[in-house]
Each structure stands twice: as C-alpha cells, then as structure tokens.
Amino acid sequence: MLSAGELEILSTSFQVALLALLWSLPLAIGCAFILSRQFPGKFTLDGLVHLPVILPPVLTGFLLLLLFGRHGPIGAWLERVAGIHLVFTRGGAALATAVMTFPLLVRTIRVAFEAMDPRLFEAAALLRARPLDRFVTIALPLAGPGILAGAVTAFAAGMGEFGAVITFAANIPGQTQTLPLAIYAVLQQPGGEAQALRLAAISFTLAMSGLVGAELLQRWMRRRLAR
Amino acid sequence: MKALDVDVKIARGAFRLAVNFTAPADGITVLFGPSGSGKSSLLSAIAGLIKCEGTIRLGPQALDGSNVHLPPHERGLGMVFQDARLFPHLTARQNIAYAWRRAPADRRPRIDDTARFFDIVSALDRPVGNLSGGEKSRVALARALAAAPDFLLLDEPFAALDGRRRRAFIDVLLRMHRGFHLPMLVVTHDIDDAAALASHLVAIRSGQVVAKGPFDRAAGDPAFASLLDPRDSGAAVPSLLLHSHHEEGRRHLWLRADHIVLATERPNAISTRNILEGSIQSVRREPEGSCLVELKSSVGVLLARVTAEAVEELALTEGRRAWALVKAHAL
Numbered sequence: 001m002l003s004a005g006e007l008e009i010l011s012t013s014f015q016v017a018l019l020a021l022l023w024s025l026p027l028a029i030g031c032a033f034i035l036s037r038q039f040p041g042k043f044t045l046d047g048l049v050h051l052p053v054i055l056p057p058v059l060t061g062f063l064l065l066l067l068f069g070r071h072g073p074i075g076a077w078l079e080r081v082a083g084i085h086l087v088f089t090r091g092g093a094a095l096a097t098a099v100m101t102f103p104l105l106v107r108t109i110r111v112a113f114e115a116m117d118p119r120l121f122e123a124a125a126l127l128r129a130r131p132l133d134r135f136v137t138i139a140l141p142l143a144g145p146g147i148l149a150g151a152v153t154a155f156a157a158g159m160g161e162f163g164a165v166i167t168f169a170a171n172i173p174g175q176t177q178t179l180p181l182a183i184y185a186v187l188q189q190p191g192g193e194a195q196a197l198r199l200a201a202i203s204f205t206l207a208m209s210g211l212v213g214a215e216l217l218q219r220w221m222r223r224r225l226a227r
Numbered sequence: 001m002k003a004l005d006v007d008v009k010i011a012r013g014a015f016r017l018a019v020n021f022t023a024p025a026d027g028i029t030v031l032f033g034p035s036g037s038g039k040s041s042l043l044s045a046i047a048g049l050i051k052c053e054g055t056i057r058l059g060p061q062a063l064d065g066s067n068v069h070l071p072p073h074e075r076g077l078g079m080v081f082q083d084a085r086l087f088p089h090l091t092a093r094q095n096i097a098y099a100w101r102r103a104p105a106d107r108r109p110r111i112d113d114t115a116r117f118f119d120i121v122s123a124l125d126r127p128v129g130n131l132s133g134g135e136k137s138r139v140a141l142a143r144a145l146a147a148a149p150d151f152l153l154l155d156e157p158f159a160a161l162d163g164r165r166r167r168a169f170i171d172v173l174l175r176m177h178r179g180f181h182l183p184m185l186v187v188t189h190d191i192d193d194a195a196a197l198a199s200h201l202v203a204i205r206s207g208q209v210v211a212k213g214p215f216d217r218a219a220g221d222p223a224f225a226s227l228l229d230p231r232d233s234g235a236a237v238p239s240l241l242l243h244s245h246h247e248e249g250r251r252h253l254w255l256r257a258d259h260i261v262l263a264t265e266r267p268n269a270i271s272t273r274n275i276l277e278g279s280i281q282s283v284r285r286e287p288e289g290s291c292l293v294e295l296k297s298s299v300g301v302l303l304a305r306v307t308a309e310a311v312e313e314l315a316l317t318e319g320r321r322a323w324a325l326v327k328a329h330a331l
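Order-wise, the sequence lines are chains A and B. Numbering follows my numbering, with no gaps: position 66 of the first sequence is 66. Numbering follows my numbering, with no gaps: position 308 of the second sequence is 308.
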C-alpha cells in the first residue's frame with residue numbers, strides 16, 4: 001500500500017489541483033462564454049487565454065515570478081493589502097497550476113457554450129429574463145455537462161503540472177511537492193528508480209481515472225438532459 | 001390594452017425596409033408578405049432583437065425612439081417563434097413556470113388553468129423532447145401567455161405544423177385571443193391562415209407597405225392581389241356568412257378564384273351546396289389568357305377565374321346577373 005510519504009505527496013497534489021480549479025473555474029466559465037460569442041477583440045482574448053499552451057512552462061513560471069514575486073507588481077500589492085505570499089507556497093503551486101490548466105478548461109467549456117442554440121436566449125429575453133438571469137438559468141445548465149467534463153479534465157491535468165509549478169513554487173516536500181515534482185526529486189537520487197516507478201504508476205492511474213471519469217460524467221449528464 | 005404603433009427603418013446589408021402601421025389593441029393584425037419581404041426582420045425589430053431607426057410605441061410607452069431603445073426583456077412583449085424554442089433542459093411545466101415567475105404577479109394566469117386552456121395537462125410533466133409537434137407549439141403559446149405580455153408577436157408559428165394540426169392551432173390562437181383579450185401581430189405568408197386570423201392586415205413587399213387596414217378592405221386592394229401567387233387569387237368572405245364546416249370563430253375564408261364556377265342561370269340538380277347570387281362588377285383579362293370576374297354577392301365581392309371563351313359564350317359583362325358555385329373543398 002501507499003507509504004506515509006506517498007500519501008503526503010498525493011494529498012499535496014489533490015489540494016493544489018483542487019485549489020487551482022476553484023480559482024480558475026469561474027473565470028474560465030466567463031472567458032468561455034465571452035469567447036463563444038462574437039465581439040471586437042475576440043482574437044486577442046483567445047490568444048491571451050492560450051498563451052500558457054505555446055509558452056515553455058518554465059517561462060510561464062518565470063513570468064509568474066516577475067508578476068507575483070515579492071517585488072512584482074501584483075505580488076507586492078497582495079503582500080501589502082492581504083499579507084499573502086505566493087512564491088514557494090502551496091497557494092503559489094495552485095496559481096501556477098491554474099494558469100497552466102486554464103486554456104484546457106476554457107476550451108472544453110467553450111465548446112459546450114457554442115453547441116447551445118443562441119436563439120434560446122432570445123426566447124428567454126422575451127419572457128422578461130435579464131441578461132445575467134438568462135446566463136444563469138439557460139446557458140449554465142445547458143453547458144453543465146461540458147463544464148463538469150472540463151473541470152474533471154483540468155483537475156486531472158492539474159495534478160501533473162511540472163515546469164511552471166517548480167519554477168514558481170519550488171519543490172518543497174509537504175508544501176509544494178506534487179506527484180510529478182516528487183518523481184523528479186527521487187530521480188535525482190541514486191537508486192530512486194523503483195520509488196519513481198511507484199509514483200509514476202499512481203500518477204498514471206489518477207490521470208486515467210480522471211479521463212474516464214470525465215467521459216462517464218458527461219454521458220450521464222447528457223442522458224439526463226436528453227430525457 | 002395597448003395598440004402597437006410602428007414607424008421604422010431597418011437597413012441590413014443591401015436590404016432596406018421602411019414601414020409605418022398601427023396594430024390595434026383589440027384585434028389580430030396579420031403581417032403578410034412573400035419570403036424576403038422583411039416581415040420577420042420587422043418582427044425582430046419590434047421585439048428589440050435587432051436594431052432599427054424610428055419609433056415603436058406600445059400604448060403610451062416608447063419602446064424605440066430618439067433616445068430610447070428598450071431591451072427585449074423590458075418591452076412587455078411576448079413572442080412565439082417558428083420553432084417553439086422550448087428550453088430543452090426543462091419540462092413543459094418548468095418552461096411555463098419560467099415565464100410565470102418573471103411576470104407581474106397581478107396579471108399572470110395560473111399555470112394549471114393555462115394548461116387546461118391549451119389542452120396540455122398530460123404533457124406538463126414530460127421533458128419537452130418527448131412532446132409532439134402540436135404539443136410543443138401549444139406549450140410555447142402557454143409559456144408566452146404566462147409571461148403576461150401586453151402584446152403578442154408570432155413569427156409564422158404554424159410553419160412546422162401541417163394540415164389538421166395547423167387548423168387546430170389557428171383555432172387555439174383565436175380562442176386565446178378572445179379568452180385573454182390579448183392583441184396579436186402575426187407574421188405569415190399563407191393567405192388562408194391570414195384570412196382565418198386577421199382583423200387587420202399589413203402587407204409588405206421588399207420592405208415597403210403595399211396595403212394596410214381592416215382585413216376586408218385591405219385584402220380587396222389590387223396592390224394586395226399583386227402580392228399573391230396567381231393560384232391564390234381570390235377574395236375574403238366573412239366565414240359566418242358561409243356554411244363552412246370549419247370550426248366557428250374564424251374571421252374570414254379565402255375563396256380562391258379557381259374554386260368558383262360561374263353560371264348565368266340559377267343551377268338546379270347540382271351537388272354544390274354553396275350557391276351565391278350576384279351581379280358582375282368587372283371582367284379583367286389576365287396575361288395567361290384567362291379572365292378574373294368580380295361578382296358582387298350578398299356575402300361580399302367574389303373573384304372567379306374563367307376562360308376567355310367562357311366570357312364570350314356566356315356573355316359575362318358588367319351588370320349581368322350570375323351565380324357563383326363554390327366548390328365544397330374550398331370551405
């Protein structure tokens with residue numbers, strides 16, 4: 001079974017991925033909805049959202065350090081206003097994970113919004129529903145399966161983020177050492193291959209369950225909607 | 001009850017529309033025109049779904065004006081679309097309740113009463129994906145009514161229905177209009193539907209009004225006749241005056257010129273039950289060689305299409321007495 005050390009690594013991974021998802025989901029839903037419609041500047045926003053995909057993860061981590069570091073514009077402000085440190089903390093690992101999984105999340109949810117018939121909004125508007133009301137009562141429930149699938153996929157992917165996390169939050173056991181970071185750490189030690197394989201197996205199992213889980217959830221919700 | 005005053009211009013690409021009409025507060029106004037005439041765009045503009053210039057007023061309130069552009073949800077208008085546009089994640093009852101919850105509390109009808117009125121009680125708790133076409137359109141009507149609109153816009157709501165279900169739907173619309181005193185503006189390109197529903201008519205072609213006013217008068221306007229397919233040439237007759245087997249409550253029947261046979265003596269021993277006597281007002285030659293004969297009868301002016309030879313042989317001339325035989329399937 002799993003050792004205490006492995007359980008700690010798993011727990012760190014879960015917490016980082018969950019925190020990252022909670023932070024990024026509302027923003028991702030908003031971005032995905034905006035991107036599913038036509039507006040000036042759509043191309044620019046689309047590019048910005050996808051930036052973490054095309055940048056090397058180390059560079060993303062470095063940019064986060066520049067922005068959220070103690071002397072970075074956002075980091076300094078956060079420390080002054082709320083006393084929050086992000087660099088080399090679990091919160092920092094979650095932030096880096098959130099930024100890296102954001103494009104994946106937005107993409108999945110956006111497909112769900114685009115599949116929705118926009119004429120249903122017109123129908124709702126002529127039943128006296130205001131714009132926010134229409135979004136909450138029509139768009140969100142109809143995109144529900146896509147949002148759920150996106151969340152599960154992003155959570156699974158979030159447990160495996162490496163480059164940006166290690167750059168921004170370092171590799172501190174019990175704090176920021178998630179599964180991939182732990183694998184990297186044991187591989188640095190002589191004779192760590194066996195331990196690395198165990199961790200790799202855990203990581204693989206989690207990732208696969210995430211994918212299968214997302215697919216099953218989506219099917220289940222589709223069936224419920226189609227009833 | 002509020003009348004709808006419309007005086008707008010719409011420009012979309014190369015298409016230009018400029019119309020001016022009033023849909024009265026106590027009737028059903030039919031917006032009639034061939035496809036591409038701009039009638040659906042006009043309805044969308046009235047609903048606030050697309051931009052237009054000019055003024056739209058509902059009773060004393062300006063919906064669109066020099067400094068006013070009310071969004072669709074603040075106009076107090078209801079709309080029924082070509083496709084029912086029911087919310088697929090809700091049941092029929094939840095669809096109706098969606099409108100009901102957002103309607104002014106003192107004016108909205110109870111959902112169960114509405115369901116009985118539209119004969120959808122057994123459909124209420126089914127997901128909308130399981131409803132038949134007729135049920136869907138009736139749920140859409142019930143939902144629109146539950147929002148307690150001041151005026152109801154309908155965009156070819158029978159387009160998806162055929163034959164018997166279409167006629168049933170028109171009867172429901174007429175009952176709804178009378179039962180709830182709800183003024184309506186209905187878009188259609190079907191002359192039979194228009195005649196059955198309309199108290200008033202606004203006919204448009206290429207973005208311009210060609211005829212408007214009370215239906216009897218506007219439908220007799222030669223400019224309106226030019227809108228119709230030659231096969232649809234005819235005249236409106238108040239349906240109460242004919243022994244129609246259609247349900248009562250229809251306003252007019254459209255009697256097609258092709259469905260009327262003319263005789264210069266009172267025919268006996270004939271199966272046609274509807275024989276109307278009148279005097280010939282005019283004989284017009286059509287480009288195809290046939291002639292349209294206008295006959296003033298006790299139920300109004302009728303149009304009959306006859307061949308040029310028949311006009312000669314029977315000596316159909318102005319002032320001559322004639323009998324119109326209306327084929328039963330036209331009624």
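Cβ coordinates follow ideal geometry from the N, Cα and C atoms, glycine included.
task = Indicate the three-state DSSP secondary structure (helix, strand or coil) for N95/B in the structure shown.
result = Three-state result, N95/B: helix.
query = What does I56/B pair with, by DSSP beta-bridge criteria?
reply = V6/B, D64/B
key: Short CB-CB distance (under 8 Å) between A47/B and chain A   = It does: the Cβ of A47/B has a partner Cβ on chain A nearer than 8 Å.
task = Give the residues of chain B in contact with A129/A, contact being defined as C-beta atoms less than 8 Å apart.
result = Here the neighbours are H73, Y98, R102.
ask   = Whose C-beta lies closer than 7 Å to the C-beta of A123/B among residues of the same chain, with five residues either side of it excluded?
value = Here A123/B has A92, L131, E135, V139 as same chain residues with Cβ atoms under 7 Å from its own Cβ, once five neighbours each way along the sequence are excluded.
ask   = Does the Cβ of H181/B have 16 or more other Cβ atoms within 10 Å, making it buried, or fewer, making it exposed?
value = exposed
ask   = Using the rule of at least 16 other Cβ atoms within 10 Å of the residue's Cβ for burial, across every protein chain shown, is D125/B buried or exposed?
value = exposed
ask   = Using the rule of at least 16 other Cβ atoms within 10 Å of the residue's Cβ for burial, across every protein chain shown, is M1/B buried or exposed?
value = By the neighbour-count criterion, in which a residue is buried when 16 or more other Cβ atoms sit within 10 angstroms of its Cβ, M1/B is exposed.
Test item: CB-CB of A147/B and G78/B under 8 Å = Taking C-beta atoms as the reference points, A147/B and G78/B count as a pair closer than 8 Å.
query = Under 8 Å between the Cβ atoms of G113/A and A185/A?
reply = For the sequence presented, residue 113/A should be read as Phe rather than Gly. It is not a contact, given that the beta carbons lie outside the stated cut-off.
ask   = With a cut-off of 8 Å, do at least 3 Cβ pairs link the segment 172 to 188 of chain B to the segment 26 to 42 of chain B?
value = yes
query = By how many angstroms is the C-alpha of I29/A removed from the C-alpha of V106/A?
reply = 7 Å
key: Neighbourhood of A308/B by C-beta distance below 8 Å, restricted to the same chain and skipping five residues each side   = R285, G289, S290, C291
task = Say whether the segment 64 to 80 of chain B touches the segment 114 to 132 of chain A, bearing in mind that this needs 3 or more beta-carbon pairs closer than 8 Å, one atom from each stretch.
result = yes
query = Which of the three DSSP states, helix, strand or coil, is assigned to M159/A?
reply = coil
query = For Q324/B, which residues does DSSP report across the bridge?
reply = The sequence given here places Ala at residue 324/B; Gln does not occur at that position. Partner(s): L262/B, L276/B.
ask   = In or out: D193/B buried (at least 16 other Cβ within 10 Å) or exposed?
value = D193/B should be labelled buried.
query = chain A partners of L31/B, CB-CB under 7 Å?
reply = Those within 7 Å of L31/B in chain A number zero; the least Cβ separation is about 17 Å.
query = In chain order, what residues of the same chain lie with their CB nearer than 8 Å to the CB of A332/B, ignoring the 5 residues before and after it?
reply = Chain B is shown from 1 up to 331; residue 332/B falls before or after that span and cannot be answered.
query = In terms of residues, what are the limits of the beta strand (DSSP E) holding M184/B?
reply = 184 to 188
ask   = To which residues of the same chain is F50/A closer than 7 Å at the C-beta, ignoring the five residues directly before and after it?
value = Checking the sequence, you will find His at residue 50/A rather than Phe. Around H50/A: P103.
ask   = When we look at the beta-carbon of K212/B and count the other beta-carbons within 10 Å, is it buried (16 or more) or exposed?
value = buried
query = Are the beta-carbon atoms of G300/B and A235/B separated by less than 8 Å?
reply = A contact, by the Cβ cut-off of 8 Å.
Element boundaries [alpha helix (DSSP H), containing E6/A] = 4 to 35
request  = Would you kindly report the start and end of the unbroken beta strand (DSSP E) that includes Q208/B?
outcome  = 208 to 214 is the span of the beta strand (DSSP E), which, as asked, contains Q208/B.
message = So, with DSSP's three-state summary, where would you put L153/B?
response = Of the three classes helix, strand and coil, the one that applies to L153/B here is strand, per DSSP.
inquiry  = Could you tell me the alpha carbon to alpha carbon distance between T55/B and A18/B, rounded to whole angstroms?
reply    = 11 Å
request  = Starting from E294/B, follow the beta strand (DSSP E) in both directions and report where the run begins and ends.
outcome  = Residue range 290 to 297 is occupied by the beta strand (DSSP E) that includes E294/B.
ask   = What span of residues does the beta strand (DSSP E) with G174/A cover, start to end?
value = Where G174/A is concerned, there is no enclosing beta strand (DSSP E), given that its DSSP letter is neither H nor E.
query = Residues of chain C with a CB under 9 Å from the CB of E122/A: which are they?
reply = Structure shown: chain C not included; protein chains present are A and B.
Sufficient close CB pairs (3 or more, under 8 Å) joining the segment 57 to 71 of chain B to the segment 92 to 99 of chain A = no
task = Going by CA-CA distance only, name the one from P145/A, A200/A, T205/A, P40/A that's closest to V111/A.
result = P145/A
task = Mind reading off the beta-carbon distance from D46/A to L35/A? Whole number of angstroms is fine, and I expect it under 8 Å.
result = 6 Å
task = Using only alpha-carbon positions, find the residue among A214/A, L86/A, L55/A, A169/A that is nearest to R70/A.
result = It is L86/A whose Cα lies nearest to the Cα of R70/A.
request  = Look at L67/A and G75/A and say whether their C-beta atoms are less than 8 Å apart.
outcome  = yes
ask   = At which residues does the alpha helix (DSSP H) containing P103/A begin and terminate?
value = 90 to 114
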